[in-house]
Amino acid sequence: MRIEKLFFEEKEVGKTISATKKYYKWEFILNGKPHKVEMYHSRMSKKKKMCVDDKVVVEDQEYKNNFEYSFILSGNRFTVIQLKSDKFDLRVNGITFAMLMVEEKNGNLN
Numbered sequence: 619m620r621i622e623k624l625f626f627e628e629k630e631v632g633k634t635i636s637a638t639k640k641y642y643k644w645e646f647i648l649n650g651k652p653h654k655v656e657m658y659h660s661r662m663s664k665k666k667k668m669c670v671d672d673k674v675v676v677e678d679q680e681y682k683n684n685f686e687y688s689f690i691l692s693g694n695r696f697t698v699i700q701l702k703s704d705k706f707d708l709r710v711n712g713i714t715f716a717m718l719m720v721e722e723k724n725g726n727l728n
């Protein structure tokens, strides 16, 4: 697995009150191909919407705080997991995206 050019963004995007909806975006190049994972989370309703490479893969209408969704890209398991009520993390083969970003910055990724 080769992951490079990692990017993460988290921001509030509610229409009327920005703090009511959170948006997460993870971008990376996996084995030479660019990918993007996006997550929308309503703090009010707890509804969630997740897109992988601009395709909606899940729209969770249940009002819960324990979201987890896994998918495979190029033989690698990616999981978006809810850590706290409005915090999410992307994991690649069990490794947090933040750790991959640190390793890429330090030149330790292969």
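In this note's numbering, the protein residues as written are 619 to 728. Note that the Cβ used here is the ideal one computed from N, Cα and C, for glycine as well.
Rounded to the nearest whole angstrom, the CA to CA distance from K665 to M657 is 11 Å. DSSP links K651 through a beta bridge to L648. H659 places its beta carbon less than 8 Å from that of D704. Restricted to the segment 682-713, the beta strand (DSSP E) segments that are unbroken, complete and at least 3 residues in length are 686-691, 694-702 and 705-710, listed in chain order. By the criterion of at least three beta-carbon pairs nearer than 8 Å, the segment 709-719 is in contact with the segment 681-699. When C-alpha distances from K651 are compared across Y641, D671 and G632, the shortest belongs to D671. Straight across, the Cα-Cα distance linking H653 with K667 is about 17 Å.
By a beta-carbon distance limit of 8 Å, D678 contacts F685. Their separation comes to about 6 Å.
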